Every structure is written in structure tokens, then in C-alpha cells.
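Single-structure report; data block below.
In my numbering, the protein residues as written are 1210 to 1535.
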């Protein structure tokens, strides 16, 4: 039945999904590992769900598949002993018990609907070599915007044939390293060198990086896959330093802005104080003037002139009052 299902897949349309980029998981021999399919990829009811394994230099192998909404699970014969499937709503996980080096490869979760096979998230499962030079990190400091060429040395493989080189980057705070570059058939790029720290000869691989930014910082290392083997090489810890001139300009600009705002606030405060004192002064003057007028009027009206001079005094008083009013 598994053979029939695999043959059926050869006659359907195949497409890839943009759900996730290829992830990397490392495991030691004998440990258990669980590979997860992205929940967004398996939403809804799909007629068929499956896990495939892609080994270096080999065709994809069907591991397990389900049908009837995970009610019917079938595991391929070579994987029955150590491979387990956990399926449920928004869950489709593949567990490997007591891993061995032959389990290395790329695992894909797949769904088939209306004669279309769609490959979802992929996970590259690797077994780091205990003799690897990965632990000997080389520190490289560069400034933002500059370029650098990273080097990675790997012990030569014992077998001949096509080699696949993987470059990984593990950034600060990231749970797993991610693949940033792959190249197949890279035997021509491998150069023998006895000038490395290792007394034995090594293959040296190079990765150019241009116009670096702060997001490029992290630990870079390579791995070579051939003949079913995966060897990790030396690593480089890349530190990116920001441009100091930009920092100085930013600080100077902020200081200038602060001074301008302070001056504007001071001018506004003084203006408000001067305006308030000006408004208080006219009121005081008016009060004094009005007091004089009332006192003078009281004195004038209190006068009692003689009868024969009444008309003349009244005329003078009228004229003077008109002047005072003006």
C-alpha cells in the first residue's frame, strides 16, 4: 500500500509552501528527537498528510502518511521500529527514538489535496561530529557597511564524490541555527591546506559577505555532507560594530534641539511675566486719577460762593469741569 501511495505521488502536481524556511536541528546519537510541522500548514481537513525524508544523494523516502483526518496511519516498513507519529488538531509531529547517524537528512511534512502535493516546513537533522573544529571559534570584528570573507575548514572526507556544503548562522537569542547558504557539488571549491591550526590537512571553504549590518552578527560555521556523512567545520564569531560618526551626529543633533526648545520656553515665560506686569500698572494709575478727581470735585462742590458772584463762579466751574473731563 505504501508503494502504491508513493507511486501515486509521482503523478500529481508538486509545489512548495512558503510557510517556513528550512530549520536546523542538531542531535547526538542515541538521543530522541521530535520534528514538528508548522500549525498553519495543516489547518483544516486534508485528505492526506505525510512525512518525507530527503537524504543527501538519495530520492525522497515516504516515512508515514495519514488519511481520513488522521484516523488511518501507515508507517513505511524501514521506519516502523523507531519512528512515531503524533497527530491531532493543528499538530503533526514526527518522533525518532534512539537516533542513529543514518537518520541525518531533511524532513518535510506534506499534504495532498486534489492531486496536488504540497511540501511544507522542512527540518534539517544533523549529527555534529565530536571531533569537529566547530568549538574553536575565530573572532572577527568589522564595522557596519564593510565586507568580509568568512573561512571554514573541514577535515577531508574519506570518500570521493559530490559534496554538499551548508553554511549556518546562529544569531544571539535564536533557539536554532538557520541555513543561509547551500551549494551542491562543491568539490572544486575545496582546497587542501596544511597551514590551519589542525596538524592534518583540511578543506577550506569561503563565504563572502558584503555591506554588513548589525543584523548579520552571529556565529557562522559550515558543514559538508557526502556519502551519508555530515562533518562540521570551524566556526567564526562575527561581531559588527556600528558607525561611530553616525552616533556622534545623532547626539549633536539631539543636543541642538534641546537647546532650541529651552530657549523658546524661556522667551515665552519672560513674555508672559512682562505682559502680566504691564496689565497691572494701568489699573493702578486709573485708580489714583479717579481718586484725585473725586477729591477735587468734592472740594469744588463744597464751596458756597457769595450771591452776587454766583453766575461768574458757576461759569468758571463749568469751563474747568469741561477741561477736567477731557
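We treat Cβ as the ideally placed atom computed from N, Cα and C, and that holds for glycine. Since this is a predicted model, take the numbers as computed values, not measurements.
Residue i (DSSP reduced to helix, strand or coil)
i, result
"residue 1309", "coil"
"residue 1481", "helix"
"residue 1248", "helix"
"residue 1287", "helix"
"residue 1446", "strand"
"residue 1423", "helix"
"residue 1460", "helix"
"residue 1236", "coil"
"residue 1475", "helix"
Limits of the unbroken beta strand (DSSP E) element including residue i
i, result
"residue 1350", "1346 to 1352"
"residue 1282", "1281 to 1284"
"residue 1331", "1325 to 1335"
"residue 1372", "Taken as a continuous stretch (DSSP letters only), residue 1372 belongs to no beta strand (DSSP E), as it is neither H nor E."
"residue 1415", "1411 to 1418"
"residue 1296", "1292 to 1297"
"residue 1180", "Lying outside 1210 to 1535, the shown extent of the chain, residue 1180 is not represented and no answer is given."
"residue 1362", "1357 to 1363"
"residue 1258", "1257 to 1263"
Close beta carbons around residue i, own chain, < 7 Å, minus the five adjacent residues each side
i, result
"residue 1427", "1378, 1379, 1380, 1381, 1447"
"residue 1439", "1313, 1335, 1336, 1432"
"residue 1342", "In this prediction, residue 1342 scores a pLDDT of 45, lower than 50, which makes its location untrustworthy; no coordinate-derived value is stated."
"residue 1236", "1242, 1308, 1334, 1336"
"residue 1425", "1418, 1447, 1449"
Selection from the options that minimises the alpha carbon distance to residue i
i, options, result
"residue 1329", "1246, 1284, 1468", "1246"
"residue 1314", "1327, 1294, 1321, 1337", "1337"
"residue 1357", "1239, 1421, 1249", "1421"
"residue 1254", "1240, 1299, 1274", "1299"
"residue 1353", "1287, 1450, 1266, 1265", "1450"
"residue 1282", "1290, 1304, 1234, 1257", "1257"
"residue 1322", "1250, 1473, 1374, 1429", "1250"
"residue 1412", "1372, 1389, 1429", "1372"
"residue 1275", "1414, 1238, 1301", "1301"
Residues of its chain near residue i, where Cβ-Cβ distance is below 8 Å and the 5 sequence neighbours each way are ignored
i, result
"residue 1269", "1261, 1262, 1263, 1317"
CB contact check: residue i to chain B, cutoff 8 Å
i, result
"residue 1483", "Here there is only one protein chain, and chain B is not present."
Contact set for residue i: own chain, Cβ-Cβ below 6 Å, skip 5 residues either direction
i, result
"residue 1418", "1357"
"residue 1376", "1389, 1390, 1416, 1431"
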